[in-house]
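At position 52 of the sequence shown (counting the first as 1) the number is 78 in the working numbering, and the numbers step up by one without a gap.
No residue lacks a Cβ here, since even glycine has one placed at the ideal position from N, Cα and C.
Values in this document were obtained by computation on a predicted structure and should not be read as measured data.
Everything on this sheet refers to the single structure shown next.
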Amino acid sequence: SSGTSGTGRSRGRARGRAQPATTPQEVAETEQTMQAMRISPTPGGNGNGSNGSTSNGNGNGNGNGNGNGDSAAVRGRGGFRARNDDLDTRPKDIDRLYGNIGEEVSLLCNYFRLKTPTAVLVNSFHVKFTPDIESTQLRRKMIFGVTNPFGESPFVFDGVSNLKTLCPNREERNYTVNNPAVPDQMININIRFTEEIPWGAPEMMRMFNTQMRSFLRYIDYVLMGRNYFDVKSAQTLDEFKIKLLPGVVTAIANHDGGLLMVVDSSTKFVRAETVMEVMMGCRRANPITWLEDAKRQICGSIVLTTYNNRTYKVDDVVTGATNTPQSRRFLKNGVEMNLVDYYKQQYNITISQANGPLIECLPSQRDRRAGRDQKILLVPELCQLTGLTDSMRQNFQLMRRIGDVSRLKPADRARNLKQFIQKVTSNEKVIEEQQRWQLEFDKNLVRVKGRVLPCERIIMQGDTPDTGAQFEQKSGDFGRQIRSKRLFKGLSVNKWHVIYTKRDEGLLQEFLNGLKKVSTPLGVNLLRPSQECLPDDRIGTFVRACQQTVAPMELVVCIVPNNNKERYDAIKKIHYCENPMSSQVVVGKTLTKKQGLLSVCTKVVIQMATKLGAEPWVLKIPPKSIMIVGYDTYHDSSQKGRSVGAFVCSMNEHMSSWYSRVAYHDTSEEMSANFAINIQEGIKRYFEVNRQFPKRVLIYRDGVGDGMIQHVFEYELKAVQSGLKKMYPEGEIPQLAFVIVTKRVNARFFTQEGNTPPDNPIPGTIVDTTVTRACRYDFYL
Numbered sequence: 027s028s029g030t031s032g033t034g035r036s037r038g039r040a041r042g043r044a045q046p047a048t049t050p051q052e053v054a055e056t057e058q059t060m061q062a063m064r065i066s067p068t069p070g071g072n073g074n075g076s077n078g079s080t081s082n083g084n085g086n087g088n089g090n091g092n093g094n095g096d097s098a099a100v101r102g103r104g105g106f107r108a109r110n111d112d113l114d115t116r117p118k119d120i121d122r123l124y125g126n127i128g129e130e131v132s133l134l135c136n137y138f139r140l141k142t143p144t145a146v147l148v149n150s151f152h153v154k155f156t157p158d159i160e161s162t163q164l165r166r167k168m169i170f171g172v173t174n175p176f177g178e179s180p181f182v183f184d185g186v187s188n189l190k191t192l193c194p195n196r197e198e199r200n201y202t203v204n205n206p207a208v209p210d211q212m213i214n215i216n217i218r219f220t221e222e223i224p225w226g227a228p229e230m231m232r233m234f235n236t237q238m239r240s241f242l243r244y245i246d247y248v249l250m251g252r253n254y255f256d257v258k259s260a261q262t263l264d265e266f267k268i269k270l271l272p273g274v275v276t277a278i279a280n281h282d283g284g285l286l287m288v289v290d291s292s293t294k295f296v297r298a299e300t301v302m303e304v305m306m307g308c309r310r311a312n313p314i315t316w317l318e319d320a321k322r323q324i325c326g327s328i329v330l331t332t333y334n335n336r337t338y339k340v341d342d343v344v345t346g347a348t349n350t351p352q353s354r355r356f357l358k359n360g361v362e363m364n365l366v367d368y369y370k371q372q373y374n375i376t377i378s379q380a381n382g383p384l385i386e387c388l389p390s391q392r393d394r395r396a397g398r399d400q401k402i403l404l405v406p407e408l409c410q411l412t413g414l415t416d417s418m419r420q421n422f423q424l425m426r427r428i429g430d431v432s433r434l435k436p437a438d439r440a441r442n443l444k445q446f447i448q449k450v451t452s453n454e455k456v457i458e459e460q461q462r463w464q465l466e467f468d469k470n471l472v473r474v475k476g477r478v479l480p481c482e483r484i485i486m487q488g489d490t491p492d493t494g495a496q497f498e499q500k501s502g503d504f505g506r507q508i509r510s511k512r513l514f515k516g517l518s519v520n521k522w523h524v525i526y527t528k529r530d531e532g533l534l535q536e537f538l539n540g541l542k543k544v545s546t547p548l549g550v551n552l553l554r555p556s557q558e559c560l561p562d563d564r565i566g567t568f569v570r571a572c573q574q575t576v577a578p579m580e581l582v583v584c585i586v587p588n589n590n591k592e593r594y595d596a597i598k599k600i601h602y603c604e605n606p607m608s609s610q611v612v613v614g615k616t617l618t619k620k621q622g623l624l625s626v627c628t629k630v631v632i633q634m635a636t637k638l639g640a641e642p643w644v645l646k647i648p649p650k651s652i653m654i655v656g657y658d659t660y661h662d663s664s665q666k667g668r669s670v671g672a673f674v675c676s677m678n679e680h681m682s683s684w685y686s687r688v689a690y691h692d693t694s695e696e697m698s699a700n701f702a703i704n705i706q707e708g709i710k711r712y713f714e715v716n717r718q719f720p721k722r723v724l725i726y727r728d729g730v731g732d733g734m735i736q737h738v739f740e741y742e743l744k745a746v747q748s749g750l751k752k753m754y755p756e757g758e759i760p761q762l763a764f765v766i767v768t769k770r771v772n773a774r775f776f777t778q779e780g781n782t783p784p785d786n787p788i789p790g791t792i793v794d795t796t797v798t799r800a801c802r803y804d805f806y807l
């Protein structure tokens with residue numbers, strides 16, 4: 027990707043390099059590029075380089091802060107998951123974990139160093155509550171209510187079952203305390219020693235992170251879902267009925283530069299209306315179809331429970347005589363009760379809609395790991411919807427307001443980080459606890475060394491690798507340099523069809539004239555299209571017109587009045603799935619500005635021609651006989667567990683011709699098997715086109731959460747290697763590099779020279795030291 031980011035992250039283009047080619051010049055160029063990208067040149071290697079990453083301007087492209095991340099700081103459902111800290115994915119025969127190509131640059135990053143003692147041992151204990159208490163707040167309240175369970179020694183409790191302390195006394199402890207929520211109920215607390223932990227052990231990372239969560243509570247941050255938020259600083263957009271909660275995401279882990287804590291900002295969007303209010307609105311709008319309408323709005327959404335700030339993903343809305351808070355009964359500690367009684371006893375909440383519907387949620391992976399695999403029932407009036415709907419995202423006014431609040435400039439982000447660490451380290455409770463544990467945070471942002479890769483040249487028709495237009499890395503664009511040049515490989519667009527509405531009829535002729543004017547200099551022979559004027563802009567009207575446009579038409583251009591996502595999706599679905607044909611959608615309002623019309627026409631012509639097989643430009647890629655592979659997955663919430671994998675691979679030396687496949691899967695094992703089959707089919711197609719097998723295969727694997735890295739490393743990589751062996755003649759296995767790409771990471775990098783404000787690094791900046799992991803062959807791009 028290219029462009030600059032407003033978040034302090036480095037963005038750039040990733041171009042993989044494989045193994046040395048045949049001539050001395052190619053060998054030198056290849057080795058230099060591999061050093062820059064940290065890809066091992068060892069033949070037959072199975073390197074798994076993780077965390078090659080790019081970023082976008084607001085967290086995940088839509089500002090909701092969700093996603094997955096790398097092993098150092100993983101954001102999954104807004105928080106940090108258990109890490110595969112002991113999984114070493116480095117190739118065994120590499121002798122250097124960093125590159126040396128490019129201009130060195132000094133960067134600041136959103137990490138703080140944690141200073142620890144060296145001669146202290148920590149004892150770990152297991153905590154059990156009888157009867158069981160679900161609320162982590164009540165668990166903590168009862169544990170910390172016990173008078174000096176470890177004397178003067180400090181201890182930290184994770185709110186579930188793990189407790190760590192410096193107390194040398196390992197005797198089993200039992201306490202009986204009152205349940206704060208049920209005064210007449212007595213709770214037995216059993217604290218049992220489990221193991222001794224050296225200070226530098228991976229298990230200590232859990233303690234550090236648990237302790238940091240306590241520090242966040244000390245500074246009045248509130249846990250919602252998996253992240254902590256500063257509720258006191260919430261901003262409410264009354265006109266849009268939405269509240270923005272600023273928060274932080276933190277993670278402490280061992281890195282190449284030592285023990286570091288990453289701190290990133292997070293924003294939670296909480297809608298003012300409850301799920302019950304959404305249901306009632308659907309009922310008022312249409313009493314007959316209200317349930318189906320409500321399910322469309324609610325199912326697949328994340329809700330926040332108002333009583334304990336936990337988040338759940340809604341799977342279904344259930345109704346009927348046996349599915350109400352009053353009628354749904356279950357056993358709790360051997361006592362039968364309904365949901366009305368449960369919420370009254372556990373949280374002192376009175377349910378007003380006792381005979382209303384319930385929402386059903388599937389257990390999370392964390393719940394399943396803990397043995398809780400039953401479906402979870404929630405009361406709609408106690409749940410608030412979070413996140414933004416598609417209609418909200420299309421609301422320009424709302425998104426601008428959200429951007430003003432949540433999208434920070436690099437200087438503002440750096441200032442907020444310093445203010446945050448100052449707030450933490452100056453808190454009296456934090457100071458006291460850190461002194462007892464002999465810990466201390468450095469108050470300065472960690473400084474790292476980065477490298478800026480040399481600029482690429484954009485090669486078009488008539489250019490050589492040395493005369494192509496130079497990519498302006500600071501601006502992240504090359505449109506101006508190529509404006510008067512011909513495409514590297516042009517073509518003729520002979521049979522194409524334009525569909526438009528009556529309201530855009532006045533723009534059509536000027537648009538077609540503009541396309542014709544810019545196409546010839548670009549090397550595209552654009553013939554006159556057939557035209558069809560629609561009476562209205564309804565989705566069904568466009569769908570019917572697209573269905574009736576058949577071969578020998580090569581391409582359909584639809585001019586639509588606005589950015590209606592449903593209409594766009596419907597048009598694309600027709601031409602991807604039902605009536606296969608290249609399609610181009612143009613928003614009519616982009617054609618109204620005469621001053622920029624030719625620029626719009628240039629971009630449209632390039633897209634049209636490329637979809638039909640043109641090659642707009644190429645780059646100099648030294649390794650010959652290399653196939654680039656890309657793979658990603660999409661999880662459709664409406665399909666209940668079914669996902670789709672998308673596979674592409676390059677077919678020529680310029681990486682401008684591609685072969686693609688898609689396959690559905692229900693499990694990770696099935697997905698990995700499909701991936702291996704896709705690679706075999708890609709190799710087969712490559713041979714058909716080039717009459718030879720590729721000597722190098724470079725895989726970019728997206729869609730891998732931290733919890734899946736071990737599966738990919740131990741199963742998927744082996745399946746790919748096995749598939750390649752089946753395709754190649756004996757003794758001719760290609761050299762392989764397997765790169766896991768993680769786009770949603772919490773690392774932020776800043777440039778700062780002298781007293782100038784922090785700014786974004788330019789695209790093409792690489793960081794491969796200090797904040798990288800010792801057990802990974804990783805880098806940030």
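Through-space distance from residue j to residue i, alpha-carbon basis
| i | j | result |
| --- | --- | --- |
| residue 359 | residue 376 | 21 Å |
| residue 790 | residue 321 | 45 Å |
| residue 507 | residue 490 | 15 Å |
| residue 261 | residue 413 | 15 Å |
| residue 256 | residue 244 | 12 Å |
| residue 67 | residue 763 | Confidence is the limiting factor: at residue 67 the pLDDT is only 34, short of 50, which leaves the residue's position unreliable, though a coordinate-based value still follows. So the two alpha carbons sit approximately 9 Å from each other. |
| residue 618 | residue 606 | 30 Å |
| residue 587 | residue 609 | 16 Å |
| residue 87 | residue 394 | Any reading at residue 87 must be qualified, since the residue scores a pLDDT of 33, below 50, and its modelled position is unreliable; no value is offered. |
| residue 333 | residue 284 | 39 Å |
| residue 43 | residue 649 | Summary for residue 43: the model assigns pLDDT 32, below 50, so the residue's position carries little reliability, and this model does not support an answer. |
| residue 582 | residue 546 | 20 Å |
| residue 627 | residue 537 | 7 Å |
| residue 211 | residue 404 | 25 Å |
| residue 443 | residue 286 | 14 Å |
| residue 677 | residue 272 | 46 Å |
Opening and closing residue of the alpha helix (DSSP H) in which residue i lies
| i | result |
| --- | --- |
| residue 273 | Looking at the DSSP string, residue 273 is not in any alpha helix (DSSP H); the run it does join, the beta strand (DSSP E), is 268–281. |
| residue 235 | 229–244 |
| residue 438 | 436–451 |
| residue 225 | Careful: residue 225 lies outside any alpha helix (DSSP H) and carries neither H nor E. |
| residue 591 | 591–599 |
| residue 568 | 565–574 |
| residue 672 | It is not in any alpha helix (DSSP H) - residue 672 instead sits in the beta strand (DSSP E) that spans 669–676. |
Per-residue burial, residue i [other beta carbons within 10 Å of its own, 16 or more giving buried]
| i | result |
| --- | --- |
| residue 684 | exposed |
| residue 736 | exposed |
| residue 422 | exposed |
| residue 755 | exposed |
| residue 715 | exposed |
| residue 343 | buried |
| residue 417 | exposed |
| residue 615 | exposed |
| residue 692 | exposed |
| residue 758 | exposed |
Residue i at chain B interface by Cβ criterion, 9 Å
| i | result |
| --- | --- |
| residue 603 | Protein chain content of the structure displayed is limited to a single chain, and chain B is not contained in it. |
Enclosing beta strand (DSSP E) for residue i [first to last residue]
| i | result |
| --- | --- |
| residue 656 | 652–661 |
| residue 612 | 608–613 |
| residue 403 | 402–404 |
- Message: So within the segment 489–533, which uninterrupted alpha helix (DSSP H) runs reach at least 4 residues, ignoring any that extend past its ends?
- Response: As for any alpha helix (DSSP H) of minimum length 4 sitting wholly inside the segment 489–533, there is none.
- Query: Going along the chain, which unbroken runs of the beta strand (DSSP E) with 3 or more residues stay wholly within the segment 301–364?
  - Reply: Listed in chain order, they are 328–331, 337–344, 355–358, 361–364.
- Item | Stretch-stretch touch, CB-based, cutoff 8 Å, three pairs: the segment 288–301 with the segment 267–279 | yes
- Indicate whether the contact test is met: 3 or more Cβ pairs, each with one atom in the segment 445–463 and one in the segment 228–247, closer than 8 Å. yes
- Item | Contact between the segment 431–448 and the segment 142–156 (3+ Cβ pairs under 8 Å) | These segments do not touch.
- Item | 3-residue-minimum beta strand (DSSP E) runs that sit fully inside the segment 683–766, ordered along the chain | 684–691, 722–727
- Start-end ranges of the beta strand (DSSP E) lying completely within the segment 114–177, minimum 3 residues: Runs of the beta strand (DSSP E) inside the segment 114–177: 129–135, 137–141, 147–156.
- Message: With a threshold of 8 Å, are at least 3 pairs of Cβ atoms found where one atom belongs to the segment 773–788 and the other to the segment 116–124?
- Response: no
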